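The block underneath contains the structure these notes are about, expressed in structure tokens.
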Amino acid sequence: MPITIFHNPLCKVSRDTLALIRKNGFEPSIIDYLTYPPSKEVLRSLIVFMGTDARHILQTDNTSAGVLNLEDTTLSEDDLITFMVKNPALIKRPIVVTSLGVRLCNPADIVVEILPQRSNCVLKN
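Quick note on my numbering: the sequence shown kicks off at 1 and runs consecutively.
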């Protein structure tokens, strides 16, 4: 079963999530989203499959968010997605995709919600 992680290797939570996936016996496809940002269509799909909106995955404590005034409530969903695609550091991480769902895995142990269950499932890193 394919698993994909939108990963930032410099982020502890992202590294912990990747480690937890591996401890449960899976080797995910790893997308370094800072180097290879998702397209608008992919990011929009991830948001829809998470059942949320763009603000949920917007990294507002990022310096760019303040400079770009992204906390402005008049900005549309499309505006926010466009900003995140152009500035991928604005995307919260990690986002994990499996056949069981899509989650923003912060904290890392959220990933177990969408991993196939095994009798020896590791719940914490």
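For every residue, glycine included, the Cβ atom is placed at its ideal position computed from N, Cα and C.
From a predicted model like this one, the values you see are computed outputs, not experimental measurements.
Answer with buried or exposed for residue i, where buried requires no fewer than 16 other C-beta atoms within 10 angstroms of its C-beta.
i     : result
HIS7  : buried
LEU90 : buried
LEU70 : buried
PRO2  : exposed
Using 8 angstroms for Cβ pairs, my map puts residue i next to residue j. What's the rounded Cβ distance?
i     : j      : result
VAL97 : VAL111 : Actually they are not in contact, since the Cβ atoms of VAL97 and VAL111 sit about 11 angstroms apart, beyond 8 angstroms.
THR4  : ILE31  : 6 angstroms
MET84 : LEU58  : 7 angstroms
Rounded to the nearest angstrom, what separates residue i and residue j at their Cα positions?
i      : j     : result
LEU115 : ASP79 : 32 angstroms
THR52  : VAL42 : 14 angstroms
GLN117 : VAL67 : 43 angstroms
LYS92  : ASN24 : 23 angstroms
ILE81  : LYS40 : 6 angstroms
Just to confirm, is the Cβ distance from residue i to residue j under 9 angstroms?
i      : j      : result
PRO9   : PRO88  : no
ALA108 : ALA19  : yes
ARG15  : MET50  : no
VAL48  : CYS105 : no
State the start and end residues of the unbroken beta strand (DSSP E) segment that holds residue i.
i      : result
VAL111 : No beta strand (DSSP E) holds VAL111; DSSP gives it neither H nor E.
Determine the extent of the alpha helix (DSSP H) in which residue i is found, giving its start and end residues.
i      : result
SER128 : Nothing in the structure corresponds to residue 128, since the chain is present only between 1 and 125.
PHE141 : What is shown of the chain runs 1 to 125, which leaves residue 141 out entirely.
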